[in-house]
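Below: the structure, in structure tokens.
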Amino acid sequence: MTTEPKPSDGSLIGASVARQEDPRLVSGRGRFTDDLRLPGMLYAQFVRSRVAHGTVTSLDLAPVLEVPGVVAAYSADDLKLVDITARLDRPVSEFVPTGMPVLARDRVRYAGEPLAVVVARDPYAAEDGVEAAKVEYDLRQPVTSAAQALAPEATLVHDEAPANTLLDVSMFATEGIDEVFAEAGHVVTVNTSTGRQNALPLETRGAVAEWDDRDRQLSLTTSSQVPHQVRTVAAACLGMDESAVRVIVPDMGGGFGLKCVVGREEIVTAAAALRLRRPVKWTEDRKDALTASFLGREQHYDARAAFSAEGRLLALDADIVCDMGAYSCYPFTAGIEPMMASSEMPSVYRLPAYRVRARAVTTNKAPSAPYRGVSRPQYVQVVERLFERAARELGMDAVELRRRNLITEFPYTGVNNVTYDPGSYLESLNLCEQTMRDEGWYELRERAAAEGRHLGIGYSCFSERTGYGSKAFAQRKMEVVPGFDISEVRMDVSGALVVTTGTMSHGQSHETTFAQIAASELGLELSRVRVHQGDTNRVTYGWGTYASRSVSIGGSAVRRAARQLGEKLCAIAAARWDVPVAEVELGRAAVRHRADGAQLTFAELADVAYLKSHLLPPELEPGLSETASFDVSTDGTFSNATHGTVVELHPGTGQVEILRYVCVEDCGVAINPRVVDGQTRGGIAQGVAGALFERITYDDQGEPSATSFMDYKVPTALETPEVSVHHLETPCAFTETGAKGVGEGGTIGAPAAVLNAVNDALTPTGVELDSTPVTPETVARALEHAS
Amino acid sequence: MKPAAFTYHRGRDVDGVTRLLRELGEDAKVLAGGQSLVPMMNFRLARPQHLVDIAGLRELVGIHNDPDGALRIGALTTHHAVETAPSTRVGRNHAVVREAMRWVGHLPIRTRGTVGGSLAHADATAEWCLLAILLDAQLTVRGPDGERAVPAADFFHGYFTTALDSDELLTEIVFPRPAPHSALTEFAERHGDFATVSAAVSLDLAEDGDTVRGARIVLGGVDALPVRCPEAEAVLSRDRPGTGGVLDECAEAAAEHIDPPSDDNGSAHYRRLLTRTLVRRACEEAMTR
Amino acid sequence: MTASTPPHSTAQYENSQLVSLQVNGETYEVVTEARRTLADVLRQDLGLTGTHLACEHGICGACTVLLDGAPARACLMFAAQAEGSAVRTVESLADGEELSDLQQAFSDHHGLQCGFCTSGFLMLAEGFLAERPEPSRAEIRETVASNLCRCTGYQTIVDAIEDCATKRRAAFQAQLDGESP
């Protein structure tokens, strides 16, 4: 069922209310990690490897201690921390676990790898100290590409990983698929590479650690999407009880996946603070953020698809190689990209036969973390290119070809053993295409062609699994299985609400949208709901914010807990009136007697629950606090969208100008449509960045090409298109609010749409471009080819 | 990304600054707007022992028109001051100078960055360097022993190196002649970045408005210095640019004249392609002024 | 290992100097090393942490402040260079809890998500609108291109600035109309 969204029944679900986060953030009163200043605080910075691959023969920190302002310097030998090791429950033939030392010991595996920490009285002196360190290396041959990693006789990045392969899985192989290809009328292929990118939260990583003597707790403030996982790893690396570690995440300047893994530097910062018994702050600088944090996205696809003469997709066969860099990230491992691609690649199409092999290879580059969309931008790019190519070969309109193959009957269980819940795959494509037609872009394209200009129209269709519960993660065989989330909803004596969540908003507006959920459930004003997150002392447990999971899973936990609290409020009221609970109901910040309309306000009920508990019947506990958890027991829920874009290619420069961008998205019930628009537009901006601008390359010595924003070309307002967002609404049947999740979709659909539009514009040249980013030079050469 | 330590000196007048620079020798750097120097210091790619801040030398700020048609701009004038100068100061005859400013970084860079700083930094793609060569500027330089005027053609020596001695200060740039038919254009992958290639054209047009008596064409981003293209200039003086194919021939001559580098921003081949496009575009813009 | 002689005296740095700064209408005197940037002194010495640092090489614009009314990168200036100038930071925009029209417009248009770049965009826009009260949308977009935002895609930032400019013009016009006899 698809309807235009609108706020129902006066509840706050579906209302674009103002964000609760905004007043402090527009006033400079947000509190970000680097804003913290504690008495006696020291500043840490890292001595990092200058070489991409080598053995450290000598690390001399004595000169560092001579530098004015330096207080201490520690190497791996000084701190003796346990390695961070992320594991999959798979045989060694499929997955090789590799330890990531918190500070490199004898081996260094990428330029920028941390070797030692310098602690000083101010950040300037800390850098002076870093410069004074003396490190000597025996150089090894660096492995700087996936091809090099897989070559026979290649140097090994990890001695325990033969062929530099950390993961090699063939998750699906339909029997008889070779025959399907042999007999198919049409087989098309796509070979694609996608650039290595930095997710690039504008706030770099950072941490402030101190030992709190009174609580006998290490307090670690850090910019992380996953506070509880940081606590687990910090406790393990430092050999402490988890309860002796408190992780706090204050305001966060973006994450996009880069901060949903545990970083080595935050652990070292904690270790230094413990050693010195003084607060220590580390703030990553941009150079390190670009070269030595976590990257992602560098993948190679060798894919082919078989189609019947009528345009039915018959089979898909893909060989995927993901260049994961030097280490497996915690908790997801180096398997994150290849496994995501393997399980989801059939995308939104009915596919009878599927075979995939996916590998994670290790190279001497900064390691990979999940980046917004994780593999989906890439495989959508590949699949959508396959459709375009097939349409050309079949002499068929590519939109029509998609239409013939889209999943339209739900639930649909695919050849990948995934069951897709209802979505608006066909409706979103139709609406997107119709919008383009109505706006006259097809005529404009024709007119432009007649004038010798190069206009192209491109689409992409995709869905995005958002509610990954523990079942879905367990299928990946992660040893650490994320999935559920917990919320506590507590009413205070004045009748106001505190909601806790284990998710971790960093731009997604959860302080607003989660408050909308709780406020709607209880009929409260939004301003009387406070959402607390990012403190392991205050929040029972949580899996953080990533994979577009927060509103579908975290939001559902909030609603459940709020509902339970509502039930308790009703029970108290019924007891006060001495009537059966069936005779009362929740009203506006009050419980009402259905028959006579009598009311007890929440404040009056809270007064009883806390201050006059002698009035409570014996079966009701004092206080007003309810906790609920939520997990997804199915395969998850799928948001979907179609992106359509129009580009013009400028022959004299190769510039790709985006003239129009339309997104028709369906994320189920939109709790706050303006927030949904924001997530969508922001996601598209990052997708366009990947399609046209951003890439980090490495020279043969393993030196990265991008050390500054001069080299890493984050698009500005003049490179980023305006986007029209249209909403469809297919409510999710099993989340508590009907919401599905929207964090990643924009990023997933954009590269394919842009690439298809570029290729459409290139049609007269006969050149087809499948890899990203498409740089102006690539386009200019393609256009030259034609003339 | 915090700079290494240095000693800060505040200059009070030009003579004092040049004497101080002589005293401090090679370890000193002049700090004007700092928009190129400070990023390099933050990366510790530059680490002067001494910084001499000349922002207080107000006599170096200002835009003046001489009766003979020359435009004189003080070295400490900001890009933004030129960009927003009234037409009584930067008139039609030097419109290219004002219009080139929109290619200089971004607004918050232009409010701080200075004309002299940009010239002394001598990035071969910087707009001021191109303008200086294009318009045959004279650069006024003062040292402890007096003042000298350096023609732009002799000022730039290579990547980030100029004719300035370590105890000299660039005080003024003088554009000696009106240049009404001039244009500067660029291409960078991202707005506000240093150009991959930039092209500037100045035409001396006859009364008829489409016969070229003389032309200068200067390119940035193709070598360590801004490059003049005499062969391309000759094409414009030989045939009227309005006639078919002349601009193409001119653009081609410019592309053939250069030996551009290949790097992450583009191959030599691509820089030649950009050169053709931009020379053509700059010629067309210059013609229509 | 730990330094054997604790270098704890404040006189350790040879290059400290007294800098007098005018920030948001208040005068501050700071003894600081010459190499400390204006951004660091604002954040660390004056506690004005609304000005953020995200690249320290002048490209992202998160640290944009107003210097004598003009937007400038606080990471590309040493604190001493700001002596004699009036510095304005994001903390000066609101009047207590009362947001300025520009701040309100950013909220109304969802011109921020994580909020890390926001201070820089606000100060950029404040300086820009003071100089160009009637900008076109294209001019706004070109100015917005001075800074980087990773969350919004910029569209709503442009919307917010455009809306603020329109409302300021309307208010100014209403004031003129009210004054005319």
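Chains as they are written, first to last, in my numbering: chain L, -11 to 775; chain C, 20 to 308; chain F, 214 to 394.
Beta carbons are placed, not taken as given, at the ideal position from N, Cα and C, and that holds for glycine.
{"Item": "When the Cα atoms are used, what is the spatial distance from residue 173 of chain L to residue 297 of chain L?", "Value": "6 Å"}
{"Item": "Could you spell out where the beta strand (DSSP E) holding residue 336 of chain F opens and where it closes?", "Value": "First-last for residue 336 of chain F: 331 to 344, but that is the alpha helix (DSSP H), not the beta strand (DSSP E)."}
{"Item": "In this structure, how does DSSP classify residue 678 of chain L when only helix, strand and coil are distinguished?", "Value": "helix"}
{"Item": "From residue -9 of chain L to residue 731 of chain L, what does the alpha carbon distance come to, in whole angstroms?", "Value": "Residue confidence is low: residue -9 of chain L scores 39 on pLDDT, short of 50, so the model does not pin down where it sits. Its coordinate-derived value is still stated next. Cα to Cα, the separation comes out at about 21 Å."}
{"Item": "Quick check on residue 776 of chain L: does DSSP put it in helix, strand or coil?", "Value": "With chain L represented from -11 up to 775, any question about residue 776 of chain L goes unanswered, as that position is not in the structure."}
{"Item": "By the DSSP assignment, the beta strand (DSSP E) with residue 198 of chain L in it spans what residues?", "Value": "194 to 200"}
{"Item": "Per DSSP, which residues does residue 701 of chain L bridge with? Please list them.", "Value": "Answer is none; residue 701 of chain L lacks a bridge partner."}
{"Item": "Do you know offhand how far residue 231 of chain C's Cα is from residue 264 of chain C's?", "Value": "15 Å"}
{"Item": "If you follow the alpha helix (DSSP H) that residue 134 of chain C is in, where does it begin and where does it stop?", "Value": "134 to 140"}
{"Item": "Are residue 307 of chain L and residue 286 of chain L close, meaning C-beta to C-beta below 8 Å?", "Value": "no"}
{"Item": "Taking the alpha helix (DSSP H) that residue 459 of chain L belongs to, which residues open and close that run?", "Value": "458 to 463"}
{"Item": "Anything in chain D within Cβ reach of residue 494 of chain L, meaning under 7 Å, just list it in chain order.", "Value": "The displayed structure is made up of protein chains L, C and F, and chain D is not among them."}
{"Item": "What is the rounded straight-line gap between the Cα of residue 221 of chain C and the Cα of residue 237 of chain C?", "Value": "9 Å"}
{"Item": "Sort F:214, F:311, F:367 by Cα distance to residue 708 of chain L and report the nearest one.", "Value": "F:367"}
{"Item": "Between the beta-carbon of residue 283 of chain L and the beta-carbon of residue 184 of chain L, is there less than 8 Å?", "Value": "yes"}
{"Item": "Identify, in the order they occur along the chain, each residue of the same chain with its Cβ nearer than 6 Å to the Cβ of residue 598 of chain L, setting aside the five sequence neighbours on each side.", "Value": "481"}
{"Item": "Roughly how many whole angstroms lie between the Cα atoms of residue 62 of chain L and residue 322 of chain L?", "Value": "28 Å"}
{"Item": "Quick one: complete alpha helix (DSSP H) runs, 4+ long, within the stretch 466 to 524 of chain L?", "Value": "498 to 510"}
{"Item": "Once DSSP output is grouped into helix, strand and coil, what is the label at residue 283 of chain C?", "Value": "coil"}
{"Item": "Helix, strand or coil: how does DSSP classify residue 29 of chain L here?", "Value": "coil"}
{"Item": "Can you list the residues of chain L that residue 230 of chain F reaches, using a CB-CB cut of under 7 Å?", "Value": "Within chain L, no residue comes near residue 230 of chain F; the closest Cβ sits about 14 Å away, beyond 7 Å."}
{"Item": "Quick one: residues in its chain with C-beta nearer than 8 Å to the C-beta of residue 764 of chain L, no 5 flanking neighbours on either side, listed in chain order?", "Value": "641, 642, 643, 644"}
{"Item": "Quick one: residues in its chain with C-beta nearer than 8 Å to the C-beta of residue 36 of chain C, no 5 flanking neighbours on either side, listed in chain order?", "Value": "30, 49, 71, 73, 76, 188"}
{"Item": "For my contact list, residue 55 of chain C and residue 136 of chain C are in at a C-beta cut-off of 8 Å; report their separation, rounded to the angstrom.", "Value": "7 Å"}
{"Item": "Taking DSSP's pairing of strands, which residues face residue 651 of chain L in a bridge?", "Value": "L:631, L:713"}
{"Item": "What does DSSP give as the partner residue(s) for residue 359 of chain F in the beta ladder?", "Value": "DSSP lists no partner for residue 359 of chain F."}
{"Item": "If you count every other CB in all the chains shown that lies within 10 Å of the CB of residue 322 of chain F, and 16 or more means buried, which is it?", "Value": "buried"}
{"Item": "For residue 581 of chain L and residue 664 of chain L, what's the separation of their Cα atoms in angstroms?", "Value": "37 Å"}
{"Item": "Applying the criterion that 16 or more other CB atoms from any shown protein chain within 10 Å of the CB defines a buried residue, is residue 281 of chain C buried or exposed?", "Value": "exposed"}
{"Item": "Is there a C-beta anywhere in chain F that falls below 8 Å from the one on residue 803 of chain L?", "Value": "The requested residue 803 of chain L is not part of the displayed model; chain L covers only -11 to 775."}
{"Item": "What is the DSSP secondary structure of residue 116 of chain L, counted as helix, strand or coil?", "Value": "helix"}
{"Item": "Would you mind listing the beta strand (DSSP E) stretches within the stretch 128 to 184 of chain L that are 3+ residues and don't spill past its ends, in chain order?", "Value": "153 to 161, 174 to 182"}
{"Item": "Taking C-beta to C-beta, are residue 158 of chain C and residue 174 of chain C nearer than 8 Å?", "Value": "yes"}
{"Item": "Can you tell me which of L:123, L:122, L:137 puts its alpha carbon nearest to the alpha carbon of residue 129 of chain L?", "Value": "L:137"}
{"Item": "Between which two residues does the beta strand (DSSP E) carrying residue 83 of chain C extend?", "Value": "82 to 84"}
{"Item": "Flag residue 146 of chain C as yes if its beta-carbon sits less than 8 Å from any beta-carbon of chain L, otherwise no.", "Value": "no"}
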